[in-house]
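Reminder that position 148 of the sequence shown reads as 937 in the numbering used here, one-by-one numbering, no gaps.
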Amino acid sequence: MKLAIISDIHSNYEALTAVLDAIAPHNVDAIYCLGDIVGYGADPKLCVDLVRANCAGAVMGNHDIAVAKDIDMDYLPSDGRTAALHNREALEAEHIAYLADLPFTLEADGCTFVHATPHMPQDWQRVGSFFQSKSQFQHFSTDVCFVGHTHIPAIMANKIGVLHVRSGHRFIINTGSVGQPRDGNPQAGFGIFDLASFTYDFIRVPYNVDRAAAKIKAAGLPRSLSRRLFKGQ
Ligand code: ZN
């Protein structure tokens, strides 16, 4: 079985369509989404529609809950709060209901999926290092837990010295961000996990950043949100 994992789309339709096109030739059995479908970008409706149509499952991100339920706004930076309000206005009741219903944790196809951390996913903590990830391993039972939230791709093993995904070990894998990468590379990112061979690939794809940025400007959203797309920050 082969899975594609996407995260942190952030209402970036251009990035999401480029990623779905890039996933197609991999012939995956399922696509899972790690949340933050909305927020920051200009196309929340198109992105929710595409996730609903293409993903076997999705989990709740902090921007999703802020947009859908008007809670946890304090976890967002000020430009993120502005975008959350814009996105809520742009969505219809059925999109809001879909976002509001997303689970914090999903276990499916032998993997665990959360937005932030397996332990207390609703607290929106960040797992950024081996030491931060160490205690997280007792909070999921599968070999692999996929996380997003930081927008920075990473592979964290349950032991020091395990430098790539291989069977016999357990991993927390951050699949980076589709719609707002923050690792200095503006290209959209996603993961492909092959359960049979226990191999993981992190893949980058170029997309039309100009168009996504222009839509953010045209929507009257803060300029910082369009500028950062060009830098991958
Ligand atoms: Zn995010």
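Just so you know, even glycine gets a beta-carbon here, dropped at the ideal spot from N, CA and C.
In this text, all values refer to a predicted model and were calculated from it rather than measured experimentally.
Original post:
Can you find at least 3 beta carbon pairs, one from the region 960-973 and one from the region 942-950, that sit closer than 8 Å?
Top reply: With the cut-off at 8 Å, the region 960-973 and the region 942-950 touch.
**OP:** Over the uninterrupted alpha helix (DSSP H) stretch that includes Gly-869, give me the two end residues.
**Re:** Boundaries of the alpha helix (DSSP H) harbouring Gly-869: 867-879, taken from the DSSP string.
**OP:** Compare the beta carbon distance of Leu-880 and Val-837 with 8 Å and say whether it is the shorter of the two.
**Re:** Closer than 8 Å, so yes.
Subject >> Segment limits, beta strand (DSSP E) that includes Lys-791 >> reply: Element bounds for Lys-791: 791-795.
Subject >> One or two residues paired with Thr-894 in a DSSP bridge >> reply: Thr-894 pairs with Val-903.
Original post:
Asn-997: which of Asp-825, Val-856, Tyr-802 sits nearest, CA to CA?
Top reply: Cα-wise, what sits closest to Asn-997 is Tyr-802.
Original post:
Are the region 792-809 and the region 976-990 touching, with three or more C-beta to C-beta distances below 8 Å?
Top reply: In short, these stretches touch, since the Cβ pair count reaches three.
Subject >> Below 5 Å from a heavy atom of the ligand SAM - residues by beta-carbon >> reply: Looking at this structure, you won't find the ligand SAM anywhere; what it does contain is the ligand ZN.
Subject >> Per-residue DSSP class, three states only, for Arg-955 >> reply: Assignment of Arg-955 by DSSP, reduced to helix, strand and coil, places it in the coil class.
**OP:** Go to Asn-963, then tell me how far its beta strand (DSSP E) extends in each direction, as first and last residue.
**Re:** Unbroken beta strand (DSSP E) run through Asn-963: 960-963.
Original post:
Among Ser-922, Leu-809, Leu-1014, Gln-914, which has the Cα closest to the Cα of Tyr-864?
Top reply: When each option's Cα is compared against that of Tyr-864, the closest is Gln-914.
Subject >> Boundaries of the beta strand (DSSP E) in which Phe-926 is found, first to last residue >> reply: No beta strand (DSSP E) contains Phe-926, which DSSP labels as neither H nor E.
Original post:
Which first and last residues belong to the alpha helix (DSSP H) in which Tyr-887 is found?
Top reply: Its alpha helix (DSSP H) spans residues 882-889.
Original post:
How about Gly-850 and His-908: do their beta carbons lie closer than 8 Å?
Top reply: Taking 8 Å as the Cβ cut-off, Gly-850 and His-908 do not qualify as a contacting pair.
Original post:
Taking Val-827 as the reference, which of Ile-812, Ala-811, Val-848 has the closest Cα?
Top reply: When each option's Cα is compared against that of Val-827, the closest is Val-848.
**OP:** Please report the Cβ distance between His-852 and His-799, rounded to the nearest whole angstrom; I am assuming they are in contact, meaning their Cβ atoms lie under 8 Å.
**Re:** Beta-carbon to beta-carbon, His-852 and His-799 are separated by about 7 Å, close enough to satisfy the 8 Å threshold.
Original post:
My guess is that Ser-918 and Gly-937 are in contact by the Cβ rule of under 8 Å, so how many angstroms apart are they, rounded?
Top reply: A Cβ-Cβ separation of about 16 Å leaves Ser-918 out of contact with Gly-937 under the 8 Å criterion.
**OP:** Inspect the beta-carbon positions of Ala-813 and Leu-792 and report whether they are closer than 8 Å.
**Re:** Leu-792 sits away from Ala-813, with the two beta carbons spaced by 8 Å or more.
Original post:
Taking the alpha-carbon positions, what's the Asp-990 to Pro-833 distance?
Top reply: Answer to the nearest angstrom: the Cα atoms are 27 Å apart.
Original post:
What is the C-beta distance between Leu-1018 and Ala-1001, in whole angstroms, given that I count them as a contact (C-beta under 8 Å)?
Top reply: That belief holds up - the Cβ atoms of Leu-1018 and Ala-1001 are roughly 6 Å apart, short of 8 Å.
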